[in-house]
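To keep things clear, I will list the structure first and then write my remarks on it.
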Amino acid sequence: MSEDPWKELAIPDPSFEYESRRVDATLHWNFFWAKNAESKCALILSHDKSSSVGINPPRLKGIEVSIIADPQSDDSSSLLLFMLHESKHRDIFHRLCTDIVESAILAETEAEAVAMAVSRAWRWHHLLKGGRDGRLSPDEQKGLIGELLVFEAILLEKLSPANAINCWTGPLGAPKDFEIGGVCIESKAKRGAATPFVAISSEFQLDEEQVNSLYLHVAELNQAPPESSDSFSLTDVAKRIKDRIADEDPGALSSFEGLLLSAGFDMNHDYSDFSFLEGNHTAYLVEGDFPRITPSTFQPGLSRVRYSVSLPGCAPHMVDRLDILDKIGSVINGE
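Residue 5 is where the sequence shown starts when you use this note's numbering, and the numbers rise one by one after that.
See the structure below:
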């Protein structure tokens, strides 16, 4: 990849969206360096629109990340667009784009390539948002701990470390945090004393279309003084799971660490100043009249719907966590 891949690109005629050229003709995925009529630099991943359904791009300062219809193709194609708004940041944008392309090279499917590209952008979002030390915010720590607790207590109880890692899709920008065959789990974490709501970040998170079973798992996590005897940090949870994977399947360790990085967590960062106490865990089966917003409930053209779900209103759908384990067991046994 050249030092400035946009230098040789001409400014396109206003009647054209972009002037572009392939990043690398040997790559399986359709990445392009591009420039628009306003001379703004971009990276584009052209793909079938089905490969980006439910993907939630981050909002980076100074960089537009979006999924748009391909203006030069039929209705079946979309573009994953990374566009720089200020040319003075061209060098760091080039580093971001190179990182995105290199991460997506390892994808086995186009949908995975799109997810990996967006996941890499999310990682940069976390690094930039976190300030100089690049750490996750307390709320982001809590959310990641919630996912790790599901990974540890549910997936690793039924799956090998390698298979469990393959089923953890949240860090890759997928609409569901865990996908085990036709069984999906969406993880949330909340303060025990907080208003009994959980935030839902898109219309796809609690959409059970095209899945056999969808569960919402809610973990109570309360911030606690570091000196509390039962308190723990995000690093404590990540290290505990990392050590278990190292004992059971050392070859899967790098994949687990890669997902942690995609989620914005770096084991080298110090999280000892934020500690949590674990409270109750509650699970719900999302079906029927479960309170939620899905793509089928509103007019076409709306997207990125954010809303809150009242947990007392979900009470009729509460299930035991053992029900999730049994369902995953059925998938494993081909039932």
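Heads up, the beta-carbon is just placed ideally off N, CA and C, and yes, glycines get one too.
Remember, it's a predicted structure, so these values are computed and weren't measured experimentally.
{"Query": "Range covered by the beta strand (DSSP E) that runs through Arg26", "Result": "22 to 26"}
{"Query": "8 Å Cβ cutoff met for Pro175 and Ser233", "Result": "no"}
{"Query": "Neighbourhood of Ser314 by C-beta, 6 Å cutoff - its chain only, sequence neighbours within 5 removed", "Result": "Phe201"}
{"Query": "For Asp17 and Glu261, the rounded distance between their alpha carbons", "Result": "45 Å"}
{"Query": "Beta-carbon proximity list for Arg136, same chain, < 7 Å, skipping 5 on both sides", "Result": "Confidence is the limiting factor: at Arg136 the pLDDT is only 46, short of 50, which leaves the residue's position unreliable, though a coordinate-based value still follows. Hits under 7 Å: none found."}
{"Query": "Ordered list of alpha helix (DSSP H) runs contained in the segment 51 to 128, each at least 4 residues", "Result": "94 to 108"}
{"Query": "Beta-carbon contacts of Asp8 that lie in its chain and below 8 Å, excluding the five residues immediately before and after", "Result": "Arg94, His98"}
{"Query": "Bridge-paired residues (DSSP) for Ile48", "Result": "Phe36, Leu85"}
{"Query": "Simplified DSSP state of Asn226, which is helix, strand or coil", "Result": "strand"}
{"Query": "Proximity of Phe64 and Ile72 at Cβ, strictly below 8 Å", "Result": "The question names Phe, but residue 64 in the sequence shown is Leu. No, the Cβ-Cβ distance between Leu64 and Ile72 is not below 8 Å."}
{"Query": "Ser24 vs Ala41 beta-carbon contact at 8 Å", "Result": "no"}
{"Query": "Through-space distance from Ala178 to Ser43, alpha-carbon basis", "Result": "32 Å"}
{"Query": "Beta-carbon proximity check, Cys171 vs Leu153, cutoff 8 Å", "Result": "no"}
{"Query": "Limits of the unbroken beta strand (DSSP E) element including Leu315", "Result": "Unbroken run through Leu315: none, as it is neither H nor E."}
{"Query": "Cβ-Cβ distance between Ala115 and Trp33 below 8 Å", "Result": "no"}
{"Query": "The segment 192 to 211 / the segment 292 to 305 touching (three or more Cβ pairs under 8 Å)", "Result": "yes"}
{"Query": "Beta-carbon spacing of Ile149, Leu225 below 8 Å", "Result": "yes"}
{"Query": "Residue of Pro316, Ser217, Ala223 minimising C-alpha distance to Lys192", "Result": "Ala223"}
{"Query": "Euclidean distance between Cα positions of Ser58 and Pro142", "Result": "Per the sequence presented here, residue 58 reads as Gly, with Ser not at that position. Their backbone Cα atoms lie some 26 Å apart in a straight line."}
{"Query": "Backbone secondary structure at Glu151 - three-state DSSP", "Result": "helix"}
{"Query": "According to DSSP, residues forming a beta bridge with Glu190", "Result": "Leu220"}
{"Query": "Straight-line gap, Leu100 to Met322 (C-alpha atoms, nearest Å)", "Result": "43 Å"}
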